[in-house]
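Chemist: Sending over a structure as structure tokens; questions will come in a sec.
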Amino acid sequence: MTTLEILLVVFVGFAGGLAVGTGFVAFLVVLGVIPRLTQLTKTPKRIHAYEWGAVAGAIVGGWMSLRHSVWHLSKYWLVPIGLFHGVFIGMLAAALTEVLNVWPILAKRIGVDDKIVILLMAIAFGKVAGSLFHWLYFVDHFR
47 MTTLEILLVV FVGFAGGLAV GTGFVAFLVV LGVIPRLTQL TKTPKRIHAY
97 EWGAVAGAIV GGWMSLRHSV WHLSKYWLVP IGLFHGVFIG MLAAALTEVL
147 NVWPILAKRI GVDDKIVILL MAIAFGKVAG SLFHWLYFVD HFR
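Per the working numbering, the sequence shown starts with residue 47, numbered consecutively.
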């Protein structure tokens, strides 16, 4: 690779990281996920722990996705790890159901309130297409 190609890859990677990070922060801030989680769990004094947990999770998750780390742990560690993942997904789903009215408000503000079904279908089909592309192109099924 030439220096120009390397710089281009670095630029595109940095821009992609900024876009994903901005989307993650916008998701948490606009939807008010963390304050709603503190309300659901009745732990408003721990809001800074939730915030730092989200930041640490994003950093560790990003770092782990860039590396092909293999942890040689006992199979018994799967139970608490699975429980933590389940609690996180459950709390996130509960917070999202509380703020689901964001889409109609957003559609009215940007002037596409008569096309809300198309907006939601575009999001759903985009997620499906992205997942299929990832699993069919990037995942080595024959390893």
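Ideal Cβ placement from N, Cα and C applies to all residues, glycine included.
#1: Could you tell me which uninterrupted alpha helix (DSSP H) segments, each at least 4 residues in length, are contained entirely in the segment 91-175, listed from first to last along the chain?
#2: By a C-beta neighbour count over all protein chains shown, 10 Å radius and 16 as the cutoff for buried, is residue 174 buried or exposed?
#3: Helix, strand or coil for residue 194 per DSSP?
#4: So residue 137 and residue 86 are in contact, right, with Cβ under 8 Å, and what is the actual spacing, rounded?
#5: Give me the Cα-Cα distance between residue 51 and residue 163, rounded to the nearest whole angstrom.
Modeler: Let me spell this out:
#1: 93-112, 124-144 and 148-156
#2: A residue is called buried once 16 or more other Cβ atoms fall within 10 Å of its Cβ, and residue 174, having fewer, is exposed.
#3: Here the chain covers residues 47 to 189 and nothing more, so residue 194 does not appear.
#4: 7 Å
#5: 41 Å
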